[in-house]
Amino acid sequence: MTSHHLNALEAGFLQAEDADGHTSLALGAVALLSGPAPSHDHLLTVLAERAARVPRCHEVLRETQMDLVAPRWVEDEGFDIAHHVRRVAVTAPGDDAALFAVVAQVMERRLDRSRPLWECWVIDGLAGDRWAMLIKIHHCVADGVAATAMLEELCDDWARTAPAADTSEPTTKPSGNWTMNPVGWMQSAWRMSARAPRAALRVASGATELATALLEVSPKSFTGPLSDLRTYSAAKVQLDDVRMIGERLGVTVNDVALAAITDSFRSAMLRRGLTPRAHSLRTAVPVSLRSADALHIPDNRIAVTLPQLPVEHADPLRRLQAVHDRMMSAKSGGQVSVGALAVAAAGLLPYAVTAPVVRLLTRLPQRGVITVATNVPGPRRRLHIAGCEVLTLLPVPPIAMHLRTAIAILSYCDELVFGVIGDADSPLSPEELARGIEAGVAHLATIAAAARHSRRVGNLLLLAG
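Residue numbers (our numbering): -11 to 453.
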């Protein structure tokens, strides 16, 4: 029997879910596959074989009374694959809208904590001789990188390969050689205090920035209490176009993705008669702390930055450059280090001490953060499940804590896909945001194509100004 305890961040996901009866903190991925779909019995056999090599697929959480120790993973002696694989058909005509409606309905439901915290939904009835598979897993099991690796392990041609390059920010380690190991954390703390006082100041500055962001109230924001209903949509763009924009304008792929999201929110605000301001779009942007040799370990290794995305800029080039500058500032300013340190420090304290504090924080009605935008590098090669080719992968993020909208970005082969989920009561629809994201990327691609002979972004900025 295995016995691995959740870390403070993972236990916090459970507590955030407990704090709001309308929250389901599961993340998902939809694999669109070429048809025909296999029989249910054959698919059960295939998935049972694959799940056997993924420990968390057949482990269940055990909690203790009074929160004396963190919940731990133990083998589910009564594991039955049939409890985790469901089948549903979309309504006619089986288009993307019908698929997205099913995805939203599945993500509304919480996972049963008495069983391993995952489900697989087989979706039939799609047009174009296609079917889909929605893999749903609780966030306490894995972050986006680890969850993507788990999805690959369910595929026919699984092999432990590195994720696609250049689709998100590089894996980031906090300054000063910080580690998630508590002993290493204490050693690094000593080295930092002795050798790098300026780095310690950056951490203090980052803590102040994060605290300020969480306490502020965004005027006329899109936050609010969650209902028990969700809506979902997706935007698809060509990864080559995004890379071309980044190369010609001197920014990263992640900068381009965030700039397109900024463009979409700005357009939505203007359509509603709102004035986009410098403090209108505080966004949670997770950053991976996962090393290359830990890609397939099922856990959470992330820190969060909280930049203001620059919706106040009308010019798309200025928006793109501002995104780049603000993300660089958020990381170099110490926000990433603070997030890593908070998790490591919580690991040094008894769970009975940290659990009530985390529970209280998850119940606070934050109003400063508007949305989440998380970018995960996906598989660079074509995948197959039960002999069927995976045509597209759609990411599905969760929402919680008054965040009515979340966006997950996932690369797969030559596509970059933005999965947008929203609360049904939100004034912003995922469909509107998804179309705005596609328009934002197309606009930047047109500008970048015209910039072929420009050597510096600054030249374009001067022309645009």
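Note that beta-carbon positions come from the ideal geometry of N, C-alpha and C, so glycine has one too.
Of the other Cβ atoms in all chains shown, 16 or more fall within 10 Å of the Cβ of residue 425; this residue is therefore buried. A Cβ-Cβ separation of about 5 Å places residue 357 in contact with residue 272 under the 8 Å criterion. Distances from the CA of residue 49 to each of 30, -8, 11 and 18 were compared; the closest alpha carbon is that of -8. Residue 121 places its beta carbon 8 Å or farther from that of residue 409. Using a Cβ-Cβ distance cut-off of 8 Å, the stretch 429 to 436 and the stretch 411 to 420 are not in contact, since fewer than three pairs of beta carbons, one from each stretch, lie closer than that value. Less than 8 Å divides the Cβ of residue 396 from the Cβ of residue 362. Looking from the CA of residue 60, the closest CA among 67, 52 and 66 belongs to 52. The beta carbons of residue 366 and residue 339 sit no closer together than 8 Å. By the Cβ criterion, the stretch 257 to 264 is not in contact with the stretch 284 to 292, since fewer than three pairs of Cβ atoms, one from each stretch, lie closer than 8 Å.
The beta strand (DSSP E) runs lying completely inside the stretch 57 to 92 and spanning 3 residues or more are 60 to 63 and 73 to 77, given in chain order.
Counting C-beta pairs closer than 8 Å gives three or more between the stretch -9 to 5 and the stretch 127 to 134, which meets the contact rule.
The Cβ-Cβ distance between residue 215 and residue 10 falls below 8 Å. Excluding residues up to 5 positions away in sequence, 250, 253, 254, 264, 268 and 269 lie with their Cβ nearer than 6 Å to the Cβ of residue 299 in the same chain. Residue 96 is a Cβ neighbour of residue 218, given a cutoff of 8 Å. The residues 230, 233 and 234, in chain order, have a CB closer than 6 Å to that of residue 244 in the same chain once the five nearest residues on each side in sequence are set aside.
Straight-line measurement puts the Cα of residue 117 at about 14 Å from the Cα of residue 87. Distance from the CA of residue 32 to the CA of residue 419, rounded to the nearest whole angstrom, comes to 33 Å. Remark: three or more beta-carbon pairs, one from each stretch, lie closer than 8 Å, so the stretch 97 to 112 and the stretch 66 to 75 are flagged as touching. Pairing residue 24 with residue 140, the inter-Cα distance amounts to about 21 Å. In this structure, the CA atom of residue 212 is about 27 Å from the CA atom of residue 307. Straight across, the Cα-Cα distance linking residue 305 with residue 8 is about 40 Å.
Assignment of beta-bridge partners to residue 407 by DSSP yields 222 and 396. Just so you know, the alpha carbons of residue 111 and residue 369 end up roughly 23 Å apart. A residue is called buried once 16 or more other Cβ atoms fall within 10 Å of its Cβ, and residue 30, having fewer, is exposed.
Within the DSSP secondary-structure output, residue 276 pairs in a beta bridge with 290.
Per DSSP, reduced to three states, the secondary structure at residue 94 is helical. In this chain, the alpha helix (DSSP H) harbouring residue 33 covers 28 to 39. Contact between residue 364 and residue 133 holds: their C-beta atoms lie close to 6 Å from each other, under 8 Å. In this structure, the straight-line span from the alpha carbon of residue 13 to that of residue 375 is close to 31 Å.
Under DSSP, the beta-bridge partners assigned to residue -7 are 60.
Of 318, 3 and 19, the smallest CA-CA separation from residue 382 is found for 19.
C-alpha of residue 281 to C-alpha of residue 79: approximately 43 Å in a straight line.
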